[in-house]
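> Numbering (my numbering), first residue to last: 1 to 153. We put the beta carbon where it would ideally sit given N, CA and C, even for glycine. This one's a predicted model, so the numbers in the text were calculated from it and none came from an experiment.
1. In the DSSP assignment, find the alpha helix (DSSP H) that holds residue 23 and state where it starts and stops.
2. For the beta strand (DSSP E) that contains residue 58, what are its first and last residues?
3. Can you give the Cα-Cα distance for residue 98 and residue 57, rounded to whole angstroms?
4. Can you tell me where the beta strand (DSSP E) with residue 49 in it begins and where it stops?
5. Can you pull the DSSP bridge partners for residue 91?
6. Residue 50 to residue 18, Cα distance in whole Å?
7. With a cut-off of 8 Å on the beta carbons, I'd call residue 67 and residue 46 a contact; round off their distance for me.
8. With 16 as the cutoff for other CB atoms within 10 Å, does residue 14 come out buried or exposed?
9. Give me the Cβ distance between residue 44 and residue 36, rounded to the nearest whole Å; I'm assuming they're in contact under 8 Å.
Okay, here's the thing in structure tokens:
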């Protein structure tokens, strides 16, 4: 790799199912008030869409109780967005607000080659907010590793 070449990682190609879920989650966020109603949407927001689950952050007890009973309605809207769970769908309602992307800590992973964790964090901060954390870390780590491996910075 020469100095003029940059490393480009096509996340959609490497993780097509996860990339599709990220797009579906963005659509769901846009239409959230029409899915759960204006009053509940003020106190909640979908934050993670997994293979078989949706995590919704809620900061109001009434909205939390209402959301627990809206699993079917939410799954119906997700199916219109072409989301199909591979097993039993779980609606996880949490009171914890999603962490700020800049405040995230990177998990320690054993590896043969040492990569620059500050570089990994930088790439993680530059990624879309909707990219699942584990995939964001993997892609960011890979990019930092490839830069070190091929001497490109």
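In short:
1. Segment 16–30, the alpha helix (DSSP H) holding residue 23.
2. For residue 58, the enclosing beta strand (DSSP E) starts and ends at 53–58.
3. Low per-residue confidence applies at residue 98: pLDDT is 45, beneath 50, and the placement is therefore not dependable enough to give any value.
4. That run of the beta strand (DSSP E) goes 44–49.
5. In the DSSP output, where bridge partners are listed per residue, residue 91 has 54.
6. If you draw a straight line from the Cα of residue 50 to the Cα of residue 18, it is about 8 Å long.
7. Not a contact, Cβ separation roughly 10 Å.
8. Exposed is the call here.
9. Approximately 7 Å separates the beta-carbon atoms of residue 44 and residue 36; this is inside 8 Å, confirming the contact.
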